[in-house]
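See structure below.
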Amino acid sequence: MMKKHMSLLKALLIVSAIVPLYQNCGRLKSSGTNGTFGSVGARNIDFDYKVFDPSYDEITDANPIFDVGQKYIFRINLEKLNGALIFWDLVYLGASCDLKVFNEKDSAEMECYSNGQIGVSVTAVYPDGNEKYGEIIGYVNDMGTSGPGSNIAPITVTITTAGNSQNWNIENAPVGHNSVNVVTGSGIARNVVVYLKQPIRIVNMDTAEHKPGSATAGIPCKSAPFPLKTEQSFTCITNTALADFDKYIIDELDNMAGGRFNFQVVDSKAVWQKNNCTTCHAMKTGNDPNDILNKLNTSIINVPGMQTYSSMTIEDRRALAFYMYYTP
Ligand code: HEC
11 MMKKHMSLLK ALLIVSAIVP LYQNCGRLKS SGTNGTFGSV GARNIDFDYK VFDPSYDEIT
71 DANPIFDVGQ KYIFRINLEK LNGALIFWDL VYLGASCDLK VFNEKDSAEM ECYSNGQIGV
131 SVTAVYPDGN EKYGEIIGYV NDMGTSGPGS NIAPITVTIT TAGNSQNWNI ENAPVGHNSV
191 NVVTGSGIAR NVVVYLKQPI RIVNMDTAEH KPGSATAGIP CKSAPFPLKT EQSFTCITNT
251 ALADFDKYII DELDNMAGGR FNFQVVDSKA VWQKNNCTTC HAMKTGNDPN DILNKLNTSI
311 INVPGMQTYS SMTIEDRRAL AFYMYYTP
């Protein structure tokens with residue numbers, strides 16, 4: 011898959027270097043009049059269709075990852091489309107995005123507000139009825155500024171060829187989280203406790219492509235919409251509480267021998283509500299979840315009103331500390 015993309019890209023580069031002035035070679039795409047197109051993965055080179063990130067660096071990935079709240083520029087070369095009317099459109103509407111088309115019709119700016127698949131298409135219609143079509147399909151990641159889980163430090167899992175390649179490596183918990191996101195065990199028996207709405211960031215550090223997805227559709231998060239290339243990541247935002255260390259995320263490209271990791275998803279809000287903590291005081295704050303857990307343990311020993319919780323399990327205390335910090 012990877013190789014195919016590479017050689018296609020090389021071929022495109024060579025063709026555009028050798029024949030910079032070509033007009034009608036390359037892919038022609040006829041849209042018909044109903045606006046429905048087949049799934050065209052490749053970009054149309056007829057009009058140099060390109061996408062740039064917010065700092066105007068070109069994104070050359072076949073399927074770019076867009077961040078929520080950022081502006082991306084899509085651009086075509088009008089000189090190659092003399093006499094045509096240009097139409098821009100959002101397609102594959104898995105995410106909610108705005109597309110602003112500039113007056114000259116040579117560029118458009120996209121900003122998205124939610125996670126999901128999105129495509130930006132360009133159709134050039136000539137007076138004689140001929141058409142040229144190109145699209146760029148990507149995926150919107152809501153780890154940025156809004157959306158569920160966006161302010162919660164993620165747990166990172168790397169897909170690596172090291173060790174047992176069938177199992178994905180759970181990294182140590184982020185700073186200030188090791189008391190609540192408890193990571194135990196080693197190798198294939200490594201486990202992690204995560205909390206509802208906490209993101210699990212899965213990074214492909216293998217040379218082959220992998221597609222993290224749920225063994226049970228949608229649980230505990232959506233599947234990656236396309237296979238991850240090397241160093242590409244996918245953020246799974248947990249949406250379902252799961253009992254101890256079930257293996258629910260697999261490699262959809264190879265779900266018999268594919269990768270997996272062990273985790274538990276705890277509903278911290280339910281633990282908070284069960285304990286009626288708000289009867290005496292509002293949410294207590296701290297520097298991070300570890301800090302709040304320490305304060306909670308100390309106050310259970312020292313504060314008369316809190317001593318009733320002396321038999322509370324460590325699991326519940328962790329969940330309460332997580333909840334008090336993030337209120338997910
Ligand atoms: C009976 C009243 C009462 C209840 C119920 C109660 N607390 Fe407290 N809590 C206190 C008092 C009093 C203090 C000490 C003074 C303060 O920090 O407000 C305290 C302190 C704390 C602290 C330490 C704050 C700090 O800055 O050191 C944490 C954390 C905390 N409570 C969490 C909880 C949680 C979680 C629950 C529910 C399981 C809970 N409390 C239920 C009365 C209560």
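11 is the number of the first residue of the sequence shown in the working numbering; add one for each residue after it.
All C-beta atoms in this analysis are idealised placements derived from N, C-alpha and C, irrespective of residue type, glycine included.
These figures come from a predicted structure and were not determined experimentally.
Query - At least 3 beta-carbon pairs within less than 8 Å: the segment 273-286 vs the segment 187-207 - result: In short, these stretches touch, since the Cβ pair count reaches three.
Requested in this report: Give the secondary structure of Y66 by DSSP, where H, G and I count as helix, E and B as strand, and everything else as coil.
Outcome: Taking the first residue of the sequence shown as 1, we reach residue 66 at position 56. In this structure, Y66 counts as coil in the three-state DSSP scheme.
Query raised in the report: How big is the Cα-Cα spacing for H220 and T171?
Result: Stepping through the sequence shown from its first residue, residue 220 is reached at position 210. Stepping through the sequence shown from its first residue, residue 171 is reached at position 161. Taking the straight line from one Cα to the other gives about 12 Å.
**Report entry** Anticipated Cβ contact below 8 Å, I212 with S233, distance rounded
**Finding:** For the purposes of this step, residue 212 is taken as residue 202 along the sequence shown, with counting starting at 1. For the purposes of this step, residue 233 is taken as residue 223 along the sequence shown, with counting starting at 1. Not really, about 11 Å apart at Cβ, beyond 8 Å.
Report task. Check whether the Cβ of M316 lies closer than 6 Å to any heavy atom of the ligand ATP, and answer yes or no. Result -> Summarising the ligand content, the structure contains the ligand HEC and does not contain the ligand ATP.
Report task. Consider the C-beta atom of T204 and the heavy atoms of the ligand HEC; say whether any pair is separated by less than 6 Å. Result -> Sequence index remark: in the sequence shown, residue 204 carries index 194 (1-based). At residue 204 the sequence reads Val, which differs from the Thr that was named. Checking every heavy atom of the ligand HEC against the Cβ of V204, none is found closer than 6 Å.
**Report entry** Where V281 sits in the DSSP three-state scheme
**Finding:** Sequence index remark: in the sequence shown, residue 281 carries index 271 (1-based). Shown here, V281 sits in a helix according to DSSP, grouped into three states.
Report task. Can you give me the Cβ contacts of I75 inside the same chain, cut-off strictly under 6 Å, excluding the 5 residues immediately before and after it? Result -> Position 65 of the sequence shown, counting from 1, holds the residue named residue 75. Taking I75 as the centre and dropping the five residues before and after it, the same chain places the C-beta of Y149 and N151 closer than 6 Å to its C-beta, in chain order.
Query - Closer than 6 Å: H220 CB and nearest the ligand HEC heavy atom - result: The residue you call residue 220 lines up with position 210 of the sequence shown. No.
**Report entry** Proximal residues to T250 (C-beta, below 7 Å), its chain only, five neighbours per side dropped
**Finding:** Position 240 of the sequence shown, counted from the first residue, corresponds to residue 250. Short of 7 Å from the beta carbon of T250, and not among the five residues preceding or following it, lie these beta carbons of its own chain, in chain order: I229, P230 and V275.
Query raised in the report: Which two residues bound the contiguous alpha helix (DSSP H) that contains I302?
Result: Counting from one through the sequence shown, the residue named residue 302 turns up at place 292. DSSP places I302 inside the alpha helix (DSSP H), whose first and last residues are P299 to N312.
**Report entry** 8 Å contact criterion, which F97 and T133 should meet: CB distance rounded
**Finding:** Taking the first residue of the sequence shown as 1, we reach residue 97 at position 87. Taking the first residue of the sequence shown as 1, we reach residue 133 at position 123. Between T133 and F97 the Cβ distance is about 5 Å, and since that is below 8 Å, they are a contact.
Report task. Excluding the 5 residues preceding and the 5 following A27 in the sequence, name in chain order all residues of the same chain whose CB lies nearer than 7 Å to its CB. Result -> The residue labelled residue 27 in the question sits at position 17 within the sequence shown. A caution first: A27 carries a pLDDT of 42, below 50, which makes its placement in the model too unreliable to give a value.
**Report entry** Y336 vs I162 beta-carbon contact at 7 Å
**Finding:** The residue labelled residue 336 in the question sits at position 326 within the sequence shown. The residue labelled residue 162 in the question sits at position 152 within the sequence shown. Their beta carbons are under 7 Å apart, which means Y336 touches I162 by this criterion.
Requested in this report: Run the CB neighbour count on H291, radius 10 Å, all protein chains shown included, and call it buried at 16 or more, exposed below.
Outcome: Locating residue 291 in the sequence shown gives position 281, counting from the first residue. Burial state of H291 is exposed, judged by a 10 Å Cβ sphere holding fewer than 16 other Cβ atoms.
**Report entry** First and last residue of the uninterrupted beta strand (DSSP E) at F97
**Finding:** Within the sequence shown, numbered from 1, the residue matching residue 97 stands at position 87. Boundaries of the beta strand (DSSP E) around F97: L95 to V101.
Query raised in the report: Mind checking G139: buried by the 16 CB within 10 Å criterion, or exposed?
Result: Position 129 of the sequence shown, counted from the start, is the residue given in the question as residue 139. For G139, the number of other beta carbons within 10 angstroms of its own is below 16, and it is reported as exposed.
Query - Distance between N73 and W7 (C-alpha atoms, nearest Å) - result: What is shown of the chain runs 11 to 338, which leaves residue 7 out entirely.
Query raised in the report: At which residues does the beta strand (DSSP E) containing F84 begin and terminate?
Result: Position 74 of the sequence shown, counted from the start, is the residue given in the question as residue 84. Taken as a continuous stretch (DSSP letters only), the beta strand (DSSP E) holding F84 covers K81 to R85.
Query raised in the report: Is the segment 111-125 touching the segment 53-60 in the sense that three or more CB pairs, one from each, lie closer than 8 Å?
Result: The segment 53-60, when compared against the segment 111-125, does not touch it at the 8 Å Cβ threshold.
Query raised in the report: When the Cα atoms are used, what is the spatial distance from E114 to L238?
Result: Locating residue 114 in the sequence shown gives position 104, where the first residue counts as 1. Locating residue 238 in the sequence shown gives position 228, where the first residue counts as 1. Roughly 35 Å separates the two Cα atoms.
Query raised in the report: Between A225 and the rest of its own chain, which residues show a CB-CB distance below 6 Å, the 5 nearest in sequence each way excluded?
Result: Taking the first residue of the sequence shown as 1, we reach residue 225 at position 215. Around A225: Y258 and I260.
Requested in this report: Just the C-alpha distance for D78 and I147, rounded to the nearest angstrom, thanks.
Outcome: The sequence position of residue 78 within the sequence shown is 68, counting from 1. The sequence position of residue 147 within the sequence shown is 137, counting from 1. According to the sequence as given, residue 78 is Val; it is not Asp. Cα to Cα, V78 sits roughly 15 Å from I147.
Query raised in the report: Since A105 contacts I128 with CB under 8 Å, what's their CB separation in whole angstroms?
Result: For the purposes of this step, residue 105 is taken as the residue at position 95 of the sequence shown. For the purposes of this step, residue 128 is taken as the residue at position 118 of the sequence shown. Contact annotation, A105 with I128: C-beta distance approximately 5 Å; criterion of less than 8 Å satisfied.
**Report entry** 7 Å Cβ cutoff met for L306 and A331
**Finding:** Within the sequence shown, residue 306 is the residue found at index 296, counting from 1. Within the sequence shown, residue 331 is the residue found at index 321, counting from 1. Yes; because the gap between Cβ atoms is below 7 Å, this pair is in contact.
Query raised in the report: Which residue spans inside the segment 201-280 form an unbroken beta strand (DSSP E) run of at least 3?
Result: Unbroken beta strand (DSSP E) runs of no fewer than 3 residues, entirely contained in the segment 201-280, are found at 201-205, 209-214, 222-224, 243-247, 252-256, 259-261 and 272-276, following chain order.
Query raised in the report: Would DSSP call C35 helix, strand or coil?
Result: One-based indexing of the sequence shown puts residue 35 at position 25. Caution is warranted here: a pLDDT of 29 is assigned to C35, below 50, making its placement in the model unreliable, and the coordinate value is therefore given only provisionally. DSSP, read as helix, strand or coil, puts C35 in coil.
Report task. Assuming G223 and E262 form a contact by the criterion Cβ under 8 Å, report the distance between their Cβ atoms to the nearest whole angstrom. Result -> As a working note, residue 223 is residue 213 in the sequence shown. As a working note, residue 262 is residue 252 in the sequence shown. Correct: roughly 4 Å between the Cβ atoms.
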